[in-house]
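Protein chains in written order, with the numbering used here: chain A, 1 to 315; chain B, 1001 to 1253. Glycine included, each C-beta is placed from N, C-alpha and C at the ideal position. Quantities reported herein were computed from a predicted structural model and do not represent experimental measurements. Below you'll find the structure, written out as structure tokens, and then a few comments.
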């Protein structure tokens, strides 16, 4: 099996008294997407900065694309691409000039840099805006240009630090599709996000990070099954039918809502079977649905608080 | 071409494109020296006795003062690049570590040359005339650009430590502005109170201004020309490595 594209062991980093990372291990196989999921201030950006050679860890080691982030930093910079939440493009340059500049700084040579710039503008649907200064671009266009800049050198490993933060839903989906296309071509992606649906959609494996440590790691399904998997949710017409309904569905009840005629039963029960059983028992229902846990549930279970309720304080 | 030079030229080009797209920046940069020339010549000129035509005395002074502020563009530009995450992008690229700053400060040289020409043109309008040989004038302009280049590196360091463009400019003006005045730029230093005169005598601005006066209008040089040259080279030699060192560790805010 080939070496993993990203491997980090025991990464630690403090800013003064603030411990941003307290021993983080990460691993991404070549050609996969690793999602780094966590609230603001969890340490996601710090981890990305270390892996992209922008910052040195206080302790621990990391290899990206087979190169040590410390010892082989310069060589490594030629084999990674970085795009971030700030959409780091030069507003005074046109889209073409931005990509051409980045290509030249990757030392691709003038003809190659130009060719890649044109090619990427085309693929990212920016051809019409290629010769307009980036300050005239919309937020979504800037993110696409930023992402294009990260891909100019066709790097085997790409780091995306909250690539869709602040984007409207349509631009988000557009960007996701673009990322998926890169991954299909074999690029390894490390993606940080505080959006659970984003990690769910894009990541092969997810590392949930909170207060500078990885608190859970696995595929989206593995994380979800950690908190109990599927449930069947039945909305009763009459609260008085609760006992009857639970008995009809196998006798186990996860959750009975005191003031709400809702019964939740764990495990996989086909809806048709459940409806038949409830009907036989003479229970009238308003609604029935299989509920799969979301990453929100995962986060809540793991950290004891919802993902959104965290103060903005990313170090 | 060595990689460092090639990278710096890419950054230089980028910064020059920016000037071309934001001509209002250059207009602001040229109005101030024009205003200074006119104010000093017509408001103070009649009351200041320098033993020579005040225009000939003043223009070398203004031109030196003006060129030191050209470096403020570097500070402001770097703060903007930091805040917009561009420095992070550059630092994640396999480019030479000194290239961003080198390209940035070289862009100042281009703008400074433009500024020098403006001041000389305005000077000619108010009565300033070169009275030295062409090689002397050319060496004077070269020395001016070198002196300005040194200040670009000082401002680069200021910019890398600043959190906003305003604060970077503020530091520049509150520190450098008075120092340019306590020099031979606008008045003869012999008329200053003793402590100020003592400071003015060793002030590198006085050396640069005296060197410029010698090279442009033929006043006695003393040691000013070689000392001003040495100061310029020395400032670059000290501040360029300091700025590059800071750049290697600097992070986005």
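Partners in chain A for residue i, counting only beta-carbon separations shorter than 7 Å
i	result
residue 1010 of chain B	101, 104, 105
residue 1021 of chain B	92, 133
Whole-angstrom C-beta distance between residue j and residue i, which should lie under 8 Å
i	j	result
residue 1088 of chain B	residue 84 of chain A	7 Å
residue 1200 of chain B	residue 1143 of chain B	Their Cβ separation, rounded to whole angstroms, is 19 Å, which puts residue 1200 of chain B and residue 1143 of chain B out of contact at 8 Å.
residue 100 of chain A	residue 114 of chain A	6 Å
residue 13 of chain A	residue 58 of chain A	5 Å
residue 283 of chain A	residue 245 of chain A	5 Å
residue 206 of chain A	residue 35 of chain A	4 Å
residue 199 of chain A	residue 193 of chain A	5 Å
residue 145 of chain A	residue 98 of chain A	6 Å
residue 1140 of chain B	residue 1066 of chain B	About 14 Å; that fails the 8 Å criterion.
residue 1169 of chain B	residue 92 of chain A	Not quite, the Cβ-Cβ distance comes to about 19 Å (not below 8 Å), so this is no contact.
residue 1234 of chain B	residue 1154 of chain B	About 12 Å; that fails the 8 Å criterion.
residue 1156 of chain B	residue 1078 of chain B	6 Å
residue 9 of chain A	residue 60 of chain A	6 Å
residue 102 of chain A	residue 80 of chain A	Rounded, the Cβ-Cβ distance is 13 Å, inconsistent with contact.
Interface flag, residue i vs chain B, CB-CB below 7 Å
i	result
residue 41 of chain A	no
residue 16 of chain A	no
residue 52 of chain A	yes
residue 110 of chain A	no
residue 70 of chain A	no
residue 77 of chain A	yes
residue 74 of chain A	yes
residue 314 of chain A	Note that residue 314 of chain A scores a pLDDT of 42, beneath 50, so its modelled location is shaky; the value from the coordinates is reported in the next line. No, residue 314 of chain A does not count as interfacial toward chain B.
Bridge partner(s) assigned by DSSP for residue i
i	result
residue 161 of chain A	A:192
residue 35 of chain A	A:191, A:206
residue 266 of chain A	A:231
residue 15 of chain A	A:18
residue 125 of chain A	Answer is none; residue 125 of chain A lacks a bridge partner.
residue 64 of chain A	A:6, A:67
residue 82 of chain A	A:159
residue 285 of chain A	A:236
residue 1055 of chain B	DSSP, once it has assigned bridges, lists no residue as partnering residue 1055 of chain B.
residue 174 of chain A	BP columns for residue 174 of chain A are empty, so no partner.
residue 27 of chain A	A:7
residue 103 of chain A	Answer is none; residue 103 of chain A lacks a bridge partner.
residue 133 of chain A	A:94
residue 216 of chain A	A:208
residue 318 of chain A	The structure shown does not extend to residue 318 of chain A, since chain A is modelled only from 1 through 315, so no value can be given for it.
residue 277 of chain A	In DSSP, residue 277 of chain A forms no bridge with anything.
residue 59 of chain A	A:12
Chain A contact for residue i (CB, 7 Å cutoff)
i	result
residue 1092 of chain B	yes
residue 1018 of chain B	yes
residue 1253 of chain B	Residue placement at residue 1253 of chain B is flagged as unreliable, the pLDDT there being 47, under the threshold of 50; the coordinate-derived value follows with that caveat. No, residue 1253 of chain B lies away from the interface with chain A (no Cβ there is under 7 Å from its Cβ).
residue 1248 of chain B	no
residue 1014 of chain B	yes
Residues that residue i contacts on chain B, provided the C-beta gap is smaller than 7 Å
i	result
residue 88 of chain A	1084, 1085, 1086, 1088, 1089
residue 97 of chain A	1017
Per-residue contacts from residue i into chain A (C-beta, under 9 Å)
i	result
residue 1003 of chain B	107
Cross-chain neighbours of residue i in chain B, by beta carbon under 9 Å
i	result
residue 84 of chain A	1085, 1088, 1089, 1252
residue 80 of chain A	1092
Any non-hydrogen atom of the ligand SAH within 6 Å of residue i CB
i	result
residue 182 of chain A	Ligands in the displayed structure: none, and consequently the ligand SAH is not present.
Contact set between the segment 1092-1117 of chain B and chain A, restricted to residues whose Cβ is under 7 Å from the partner: 1092, 1093, 1094, 1095
Against chain B: residues of the segment 219-240 of chain A by CB proximity under 7 Å: none
Positions along the segment 1045-1065 of chain B whose CB lies within less than 8 Å of some CB in chain A: none
Residues of the segment 141-170 of chain A whose Cβ lies closer than 9 Å to any Cβ of chain B, in chain order: 146, 149, 150, 153, 159
Chain-ordered residues of the segment 1196-1226 of chain B with a beta carbon less than 8 Å from chain A: none
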